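The block underneath contains the structure these notes are about, expressed in structure tokens.
Chains as they are written, first to last, in the working numbering: chain E, 1 to 311; chain A, 1 to 242.
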């Protein structure tokens, strides 16, 4: 299957999902769908760096919140700005931060990069908490329009549609990377960085491309968040849940292909939503952590790996 | 107050040490068990980087949510006789609340350093970082050494945590603030260098304290990352790195 038919199939699937949700006409379905699709984007973004090049990013919340807060800023400056434009800006901002952090830390060994990203999350949170323009520690309110532009219906419909579009873009990018020279370069870095460098793979440049893309998609996934929650404060924007879910879902689904994060996000996201409704919201956050630990121990290749024949 | 200082001192040191020691021993044992799981599941399969890290990250999250489920998200503090008063010197006051953890940590750090540089086990721990194969050829079991080192490191961290609750109230996710700090200190000092670590820790402590005094405490967490970025950009091997 080549690139274009794959994208067309993705768009068709997204259209069917959106049509189904419209036909159900239940705003809860949109809320749940939005969360799950958002995790597909986050998981895929994490997987571009983590799964393909083997560098573990723990600072997901930093990039995610940069996207979210750049929307807050833009909404305050230009209230009429359309959401897709905000998403592009948020993605670019997060991508730049990703490249900058990567440039400083990627020359270190992999473990140091991971810890540095975790520290980055704390620092970005400190900066946002001290920035009064976006509400500081008090948080910011974002009033969303009552009716969705272009498609009509509730605004959540529009958000869900936008997220589905982002998801298609992220998955198409991930799959294109997998099958291109870029993807082979990433895989070479993951398997043996010294050998890759010695064979002429421009490792630092490739790693920067990966951090930029990964951070950018995380920022894009975060950009619609203020409109989804309508009230954003640092504690919720930087919630560790996003980070754990975005790491757990690809690891549970399988990091070797674009399908892994999708499988993981649908399964774990669905299970969490089910537990949130049936048991309590405290249990549902524990699920991702426990499942992740269990999966990395007993099924290192993830669910997708279980179905692949061993070479 | 004329209650003999000795008594106060003794009571608090013993109480602190006892509690911290219990915590450290039990958590140290837990740490050894955790390392065993890590070894069997990841190190033996030579699959340390991605999944190993995620494993520890998952543990962090499980511990945090577990603490939230048990203790709630509120700040918790302890009461002890020495938490209020200060040791009054001529020019300035030394609050016991800060002095006690300082003395305990110094004793622990120096004791650990002596252990690492003098005893067989300590030298083996340093050796395993340098060359695992050579250590194996000297008839020491690297896995056992690393298990002990891991248990020791977790126990040290637990003792530090026991000291923290004397300095300030704690809540379940407070550990996250220390990840960046600890990392910044280790990188700034030079990894594996004990004097470097001491210098870096003091420097960071002073800079952070100045920052919270002059710019407000909400800026303090950013100091560590600033220090880290500058170190990485200017001198990645740290002050006293090899």
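For every residue, glycine included, the Cβ atom is placed at its ideal position computed from N, Cα and C. Owing to the predicted nature of the structure, the values given are computational and were not obtained by experimental measurement.
{"Check": "Tell me the rounded alpha-carbon separation between residue 129 of chain A and residue 293 of chain E.", "Outcome": "26 Å"}
{"Check": "Within this structure, are the beta carbons of residue 230 of chain A and residue 285 of chain E separated by less than 7 Å?", "Outcome": "no"}
{"Check": "So, at 6 Å on beta carbons, what are the nonlocal neighbours of residue 120 of chain E in its own chain, with the 5 sequence-adjacent residues on each side left out?", "Outcome": "59, 62, 101"}
{"Check": "What residues in its chain sit with their C-beta under 8 Å from that of residue 98 of chain A, if we drop five residues either side in the sequence?", "Outcome": "167"}
{"Check": "Looking at the strands, I want to know which residues DSSP matches up with residue 38 of chain E.", "Outcome": "None, per the DSSP bridge assignment."}
{"Check": "Please return the same chain residues whose Cβ sits closer than 7 Å to the Cβ of residue 68 of chain A, not counting the five positions on each side in sequence.", "Outcome": "172"}
{"Check": "Using 8 Å as the cut-off, can you tell me whether the stretch 48–58 of chain E makes contact with the stretch 130–138 of chain E, which would need three or more C-beta pairs spanning the two stretches below that distance?", "Outcome": "no"}
{"Check": "According to DSSP, what are the bridge partners of residue 24 of chain E?", "Outcome": "In DSSP, residue 24 of chain E forms no bridge with anything."}
{"Check": "Is the beta carbon of residue 237 of chain E sitting closer than 7 Å to the one on residue 94 of chain E?", "Outcome": "no"}
{"Check": "To which residues of the same chain is residue 178 of chain E closer than 7 Å at the C-beta, ignoring the five residues directly before and after it?", "Outcome": "257, 258"}
{"Check": "Within 10 Å of its beta-carbon, does residue 221 of chain A have 16 or more other beta-carbons around it, so buried, or fewer, so exposed?", "Outcome": "buried"}
{"Check": "Just reading off the beta strand (DSSP E) that residue 130 of chain A is part of, what are its end residues?", "Outcome": "Note, residue 130 of chain A: premise wrong, no beta strand (DSSP E); alpha helix (DSSP H) at 120–130."}
{"Check": "From the DSSP output, in three-state form, read off residue 235 of chain E for me.", "Outcome": "helix"}
{"Check": "Run down chain E in chain order and give the residues with a C-beta less than 8 Å from the C-beta of residue 62 of chain A.", "Outcome": "286, 289, 290, 293"}
{"Check": "Do you know offhand how far residue 77 of chain A's Cα is from residue 63 of chain A's?", "Outcome": "19 Å"}
{"Check": "On a Cα-Cα basis, can you pick out the residue from A:238, A:219, A:232, A:233 that is closest to residue 123 of chain E?", "Outcome": "A:219"}
{"Check": "Please list, in chain order, all residues of the same chain as residue 194 of chain A whose beta carbon is under 7 Å from its beta carbon, the five residues on each side excluded.", "Outcome": "113"}
{"Check": "Could you work out which residues of chain A lie near residue 247 of chain E, taking near to mean beta carbons separated by less than 7 Å?", "Outcome": "54, 57"}
{"Check": "Residue 154 of chain E bridges to which residues according to DSSP?", "Outcome": "E:147"}
{"Check": "Around the C-beta of residue 202 of chain A, are 16 or more other C-beta atoms found within 10 angstroms, so that it is buried, or is it exposed?", "Outcome": "exposed"}
{"Check": "Does any residue of chain E have a CB that is nearer than 7 Å to the CB of residue 34 of chain A?", "Outcome": "no"}
{"Check": "Do residue 273 of chain E and residue 111 of chain E have their C-beta atoms closer together than 7 Å?", "Outcome": "no"}
{"Check": "Where residue 255 of chain E and residue 45 of chain E are concerned, what is the direct C-alpha to C-alpha distance, given to the nearest angstrom?", "Outcome": "11 Å"}
{"Check": "Using the Cα positions of residue 114 of chain E and residue 306 of chain E, report the straight-line distance between them to the nearest angstrom.", "Outcome": "27 Å"}
{"Check": "Could you list which residues in chain A have their beta carbon closer than 9 Å to that of residue 107 of chain E, in chain order?", "Outcome": "232, 236"}
{"Check": "Once you ignore the five residues that flank residue 32 of chain A on each side, which residues in its own chain have a CB closer than 6 Å to its CB?", "Outcome": "147, 151"}
{"Check": "Does any C-beta atom of chain A lie closer than 7 Å to the C-beta of residue 204 of chain E?", "Outcome": "no"}
{"Check": "Could you compute how far the alpha carbon of residue 30 of chain E sits from the alpha carbon of residue 74 of chain A?", "Outcome": "33 Å"}
{"Check": "Compute the Euclidean distance between the alpha carbons of residue 271 of chain E and residue 10 of chain E, then round it to the nearest angstrom.", "Outcome": "24 Å"}
{"Check": "Run down chain A in chain order and give the residues with a C-beta less than 7 Å from the C-beta of residue 127 of chain E.", "Outcome": "222"}
{"Check": "On a CA-only basis, which of E:80, E:87, E:56 is nearest residue 69 of chain E? Give me that one, please.", "Outcome": "E:87"}
{"Check": "Does the contact criterion of 3 or more C-beta pairs under 8 Å hold for the stretch 161–175 of chain E versus the stretch 243–254 of chain E?", "Outcome": "no"}
{"Check": "Give the interface partners of residue 65 of chain A over in chain E, defined as CB-CB distance under 7 Å, in chain order.", "Outcome": "285, 286, 289"}
{"Check": "Would you mind sorting residue 144 of chain E into buried or exposed? The rule is 16 or more other CB atoms within 10 Å of its CB.", "Outcome": "buried"}
{"Check": "Assign residue 311 of chain E to one of three DSSP states: helix, strand, or coil.", "Outcome": "In this prediction, residue 311 of chain E scores a pLDDT of 47, lower than 50, which makes its location untrustworthy; the coordinate-derived value is nonetheless stated afterwards. It is coil, neither helix nor strand."}
{"Check": "Please report the distance separating the alpha-carbon of residue 246 of chain A from that of residue 206 of chain A.", "Outcome": "The shown model of chain A, from 1 to 242, leaves out residue 246 of chain A, and the question about it has no answer."}
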